[in-house]
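Enquirer: Mind looking over this structure? Questions follow.
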C-alpha cells in the first residue's frame, strides 16, 4: 500500500486530498466528476473491459505480466473485482483490500468466463445506482484506508478499473490485436488515471 512519510509521520496515499493535507499544500483536490457521471463512466469502462476479455486469446491467460507476479487472467479478473468489492461495501459491508484483490475462482479460466463475470458485476453496479435514493455521494463508506465519502470511493473505483483496462488494451496490442472500442478521452477525461501505463 503506498505511503507518504515525513519525519516520523506518515499518511496512506490512497486519497490525494489526504496527501495534500499531510504535506500542507494549497491545492484543490476531490473528484472532478459528479457521482452520476462517475457511474456512467464506470459502466463504459466495464463494457470496454468485457470486450477486451473476449478478445484475449485463451492461451495467453496464464502469461505473467512483465516484472509483476500476476497473470493476464488475474489482471482481467481484477478489473471487475474492484467494482465488485465496491458494491459489496455499498450493500452493507466494508471495502477491504482482501476483497478488492481477491483472485479469480479456480474454474474461471476462459476469456468468456471472465467476460461473464464482468457482465454480472456491471449489472450489479447498474442495479445499485438505479436503486440509490441519495446520489449526493456524501454517504460514508468504510474502507481499508479509513471512512471516506462515497463520491471519493466511486471515483477511485472508476479510475482504478480504467487503469487496469488500459493495461489490458496494451497486452492485446502487444499480441497484434486491436482493442475493440479502445478507451479514450470520452471515458477517461476528468479521472485521475496515472500518466504511466505500468507504475
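Residue numbers (this note's numbering): 880 to 1078. Yeah, the Cβ is synthetic: ideal placement off N, Cα and C, and Gly gets one too. Here the structure is a predicted model, which is why all the values come from computation and not from measurement.
Where in the region 973–1014 do unbroken runs of the alpha helix (DSSP H), each at least 4 residues long, occur, reported from the N-terminal end onward?
Expert: Here the runs fully enclosed are 976–979 and 990–1010.
Enquirer: For the beta strand (DSSP E) that contains residue 1040, what are its first and last residues?
Expert: Premise fails: residue 1040 lies in the alpha helix (DSSP H), 1029–1053, not in any beta strand (DSSP E).
Enquirer: Closer than 6 Å by C-beta to residue 963: which residues in its own chain qualify, once you throw out the five before and the five after it? Chain order, please.
Expert: Contacts found: 1000.
Enquirer: Give a yes or no on whether the C-beta atoms belonging to residue 1058 and residue 951 are separated by under 8 Å.
Expert: No, these two residues do not count as a Cβ contact at 8 Å.
Enquirer: Please report how far the alpha carbon of residue 1014 lies from the alpha carbon of residue 924, in whole angstroms.
Expert: Near 20 Å, if we compare the C-alpha coordinates of residue 924 and residue 1014.
Enquirer: Would you call the region 933–948 and the region 983–1001 touching, i.e. three or more CB-CB distances under 8 Å?
Expert: Touching, yes.
Enquirer: Start and end of the beta strand (DSSP E) containing residue 1021?
Expert: Segment 1019–1022, the beta strand (DSSP E) holding residue 1021.
Enquirer: Suppose the cutoff is 7 Å on Cβ atoms and the five residues either side in sequence are ignored; what does the same chain contact list for residue 1076 look like?
Expert: Around residue 1076: 1045, 1046 and 1049.
Enquirer: Is the Cβ-Cβ distance between residue 921 and residue 1069 less than 8 Å?
Expert: No, they are not a contact pair.
Enquirer: Would you kindly work out how many angstroms separate the C-alpha atoms of residue 957 and residue 977, rounded to a whole number?
Expert: Their Cα atoms are separated by approximately 12 Å.
Enquirer: Pick helix, strand or coil for residue 882, following the three-state DSSP scheme.
Expert: Residue 882 falls in the strand class under three-state DSSP.
Enquirer: Considering only residues of the same chain and omitting the five flanking positions on each side of residue 1007, which have a CB-CB separation below 7 Å?
Expert: These residues qualify, in order along the chain: 966 and 969.
Enquirer: Please classify residue 958: does DSSP put it in a helix, a strand, or coil?
Expert: It is helical.
Enquirer: Which residue comes first and which comes last in the alpha helix (DSSP H) that contains residue 841?
Expert: The chain is shown from 880 up to 1078; residue 841 falls before or after that span and cannot be answered.
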